[in-house]
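Before any comments, here is the structure.
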Amino acid sequence: MQSEQISLARQMDLVIRTMQDELRYLASGTVFVQIRNDVVGKYGVKHEPIEISGDELPAPEIHMSDSHIKAFRQLAVGSLSHKRNWTYGEMYFEFAMRRNVLNVSIQLESNYNMANLFNKFPPQ
């Protein structure tokens, strides 16, 4: 089955499920998803900086529980309802754990290509 045959909501669900092991060890960061022709292309997470004191890296701690990740995944899928009339763009999910509560801010970015306009509206 090709990604064009899978709904965008299902693709978003798969994106978060793919990254859940990485998200589990983060207290904050930004998940980004690039969409091209209503198909998820590149996606990933930008970690917040890791503070180092002395010569050793801090031991990773578990920050997001399974219920936090499930809520994050549902929020990401639900955010697609705010995507209107665009097929190319990016979505950013900035998250932070504060007092064991997941806080998320969502940013949508639509992208347009001038070449597509020339195909729809021939020069007069």
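Mapping the sequence shown onto this note's numbering, position 80 (from 1) lands on 81, and the numbers just tick up by one.
Idealized CB from N, CA, C, for every residue including glycine.
Please name the residue or residues paired with residue 93 in a DSSP beta bridge.
Beta-bridge pairing links residue 93 to 33 and 108.
Does the beta-carbon distance from residue 41 to residue 78 come in below 8 angstroms?
It is not a contact, given that the beta carbons lie outside the stated cut-off.
Taking the Cβ atom as the reference point for each residue, do residue 64 and residue 26 lie within a distance shorter than 8 angstroms?
A distance below 8 angstroms separates the beta carbons of residue 64 and residue 26.
Nearest by alpha-carbon distance to residue 8: which of 55, 111, 56 and 88 is it?
Across the set 55, 111, 56 and 88, the C-alpha of 88 shows the shortest separation from the C-alpha of residue 8.
Host beta strand (DSSP E) of residue 43 (start-end)
Start and end: 40 to 48.
For a quick check, are the C-beta atoms of residue 103 and residue 96 less than 8 angstroms apart?
Contact flag set, yes.
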